[in-house]
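Take any residue in the sequence shown, note its place counting from 1, add 73, and you have its number in my numbering.
Positions of the beta carbon are idealized from the N, C-alpha and C atoms, including for glycine.
It should be emphasised that the depicted structure is a prediction, and the values quoted were computed from it without experimental measurement.
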Amino acid sequence: MARLSTTADVFNAIAEPQRRSILELLVDGERSVNEIAEALNLNQPQTSKHLRVLHEVELVDVRQEGRHRIYQLQSESLKPIHDWVRQFEALWNTRFDRLDAYLQSLQTGETTHEQRKPADGTSI
Numbered sequence: 074m075a076r077l078s079t080t081a082d083v084f085n086a087i088a089e090p091q092r093r094s095i096l097e098l099l100v101d102g103e104r105s106v107n108e109i110a111e112a113l114n115l116n117q118p119q120t121s122k123h124l125r126v127l128h129e130v131e132l133v134d135v136r137q138e139g140r141h142r143i144y145q146l147q148s149e150s151l152k153p154i155h156d157w158v159r160q161f162e163a164l165w166n167t168r169f170d171r172l173d174a175y176l177q178s179l180q181t182g183e184t185t186h187e188q189r190k191p192a193d194g195t196s197i
């Protein structure tokens, strides 16, 4: 299924490293724009722009507290990302299992040429 390439897309929103850093900060709890800007060594307008994009795709929620805007992570919105990445889990588990078997065979001295080259042509 093709995805639209817009900042309204969760995947494009997290493609920006600074936005991922903001999400990582918010894992520990809510923070104001200024706290986020200071922690990431960004200026306030840059931080606000990144937060606006994250808010548009519902990765963060915001509330007003006096003159401050307080942001918090909306972890349930990360589910589409998790679901997409999870489809590759079986692939990696298979490769790690092959690597483990190969390393064990090296330790026991039982490695043959066939064990070094998977039958399906994939690499370990």
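query: Exposed or buried, residue 158, counting other C-beta atoms within 10 Å across all chains shown (16 or more means buried)?
result: Classification for residue 158: exposed.
field: Sub-8 Å separation of residue 145 and residue 133 beta-carbons
entry: The answer is yes: Cβ separation under 8 Å.
- prompt: At what residues does the alpha helix (DSSP H) containing residue 119 begin and finish?
  reply: Unbroken alpha helix (DSSP H) run through residue 119: 117 to 129.
query: Going by the beta-carbon positions, is the gap between residue 86 and residue 135 smaller than 8 Å?
result: Not in contact: residue 86 and residue 135 (Cβ atoms no closer than 8 Å).
field: Endpoints, alpha helix (DSSP H) assigned at residue 160
entry: Here residue 160 belongs to no alpha helix (DSSP H), and DSSP marks it neither H nor E.
field: Cα-Cα separation, residue 149 to residue 183
entry: Cα-Cα distance, rounded: 47 Å.
query: Residues in its own chain within less than 6 Å of residue 153 by CB, not counting five upstream and five downstream?
result: Only 83 meet the Cβ criterion.
- prompt: What's the gap between the Cα of residue 109 and the Cα of residue 167?
  reply: Here the alpha carbons of residue 167 and residue 109 stand approximately 39 Å from one another.
- request: Under the assumption that residue 94 contacts residue 142 (Cβ atoms under 8 Å), give the Cβ distance between them as a whole number of angstroms.
  value: Not really, about 18 Å apart at Cβ, beyond 8 Å.
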